[in-house]
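Number 598 in the working numbering belongs to position 254 of the sequence shown; there are no gaps in the numbering.
Here the structure is laid out as structure tokens; the discussion comes afterwards.
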Amino acid sequence: MIKCIASDMDGTLLNSVQQISEENKQAILTAQAQGVEFVVATGRSYQEATYVLAEAGVNCPVICVNGAEVRSKDGDVISATPISKQLTREVAAKLGEQDVYFEVYTNKGAFTVDADKAVSTLVDIIVSANPEVNREEIYYAAGARLRDGLVHTVEDYEILFNDDEYKIYKLLVFSFDADKLEAAGKSLSTFDDLAVSASGRENLEVTNKKAQKGLALEAFAKEKGISMAETMAIGDNYNDVSMFEKAGRSVAMGNANYEIKSLCDVITDTNEESGVAKAILEVL
């Protein structure tokens, strides 16, 4: 029996217009009413994740920033696994050498040194998860990252690195140049304490090696007295793989690529067809 369900957001729980469908919402509420733990597991910051959840009227724990932070339904921090400031500086220097754009995700939200690229980064994630959408039509919606204060602009990331109030959870690397991105990935592979994954064709997600969705889900379930055999994980991309490897039931979205589908026990409908709802209702 499934007692805990973890769902990715982009390309999974969210449709192409970045909303939770009514079908998905009702399935989540039904699961919660039956005593099943529902938790979102996303690469987004807590602020960006709850922005969408609140809009849909869904209240649940959040594994955010790929597992670097876990928060309760009430927003309390359950666990935090940041990258050390020294290691972050070294990574930032490597990325500077590769001439690739990156954002810094912290306990106080996401930060950018280039507002335009902050928007195009989210557009890439959306389009990667929903290839059929028109990129231009997504730009206005993605602009909400800045308009609504979900991403903050700073002149230099050293401001964050030098301030003890900020914990560095993730660096989101972005480039349309495949060769540059590959080179950046190779340069980061030399750091043993990092985990490098992706949530889109043109990005890399860099976290503490201990900050992965699967590890965070395992710890969350254990705290709830739930075995991993009683968990189900739903996702569509490479930053979901660690969950698939841990969960008793792994579900790939219909819009996931062949490699992701091959790793999972079950394939559900696409995110445009409320595949999360179908996956939930099948196990209730």
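All residues carry an ideal CB built from backbone N, CA and C; glycine is no exception.
In the three-state DSSP reduction, S531 falls in the helix class (H, G or I). Between S586 and G544, the CB-CB gap reaches or exceeds 9 angstroms. In summary, A522 is exposed, with fewer than 16 beta-carbon neighbours lying within 10 Å of its beta-carbon over all protein chains present. Contact between V409 and Y445 does not hold, since the beta-carbon distance rounds to 18 angstroms and is not under 8 angstroms. Judged by their CB atoms, K514 and A412 are nearer to each other than the 9 angstroms cut-off. In terms of CA proximity to T612, G579 leads the group G579, D584 and G401. Taking C-alpha positions only, A528 is separated from T534 by approximately 11 angstroms. In summary, K369 is buried, with 16 or more beta-carbon neighbours lying within 10 Å of its beta-carbon over all protein chains present.
According to the DSSP assignment, F564 belongs to the alpha helix (DSSP H) that extends over K557 to E567.
The C-beta distance from I372 to V406 rounds to 13 angstroms, too long to fall under 8 angstroms, and the pair is not in contact.
Relative to Y395, the option among I422, Q376 and Q362 whose CA is nearest is Q362.
In the three-state reduction of the DSSP assignment, S586 falls in the helix class, which pools H, G and I.
For R415, the enclosing beta strand (DSSP E) stretches over residues E413 to R415. A residue is called buried when at least 16 other Cβ atoms come within 10 angstroms of its Cβ; A459 does not meet this threshold and is exposed. Per the C-alpha coordinates, the member of L466, H496 and E476 positioned closest to Y483 is L466. In this structure V414 is not in contact with A454, their Cβ atoms being roughly 17 angstroms apart against a cut-off of 8 angstroms.
Secondary structure within the stretch 376-438: the beta strand (DSSP E) runs of 3 or more consecutive residues, fully enclosed, are 381-385, 406-408, 413-415 and 421-424 (chain order).
Residues P405, V414, R415, S416, F564 and E567 of the same chain have their beta carbon placed closer than 8 angstroms to that of I422, with the five preceding and five following residues left out of the count.
According to the DSSP assignment, G579 belongs to the beta strand (DSSP E) that extends over T575 to G579. Counting the other Cβ atoms within 10 Å of the Cβ of F520 gives fewer than 16, which makes it exposed.
Following the DSSP letters along the chain, one finds S351 inside the beta strand (DSSP E) bounded by residues C348 to S351.
With respect to the 9 angstroms criterion, E617 and G598 are classified as neighbours on the basis of their beta carbons.
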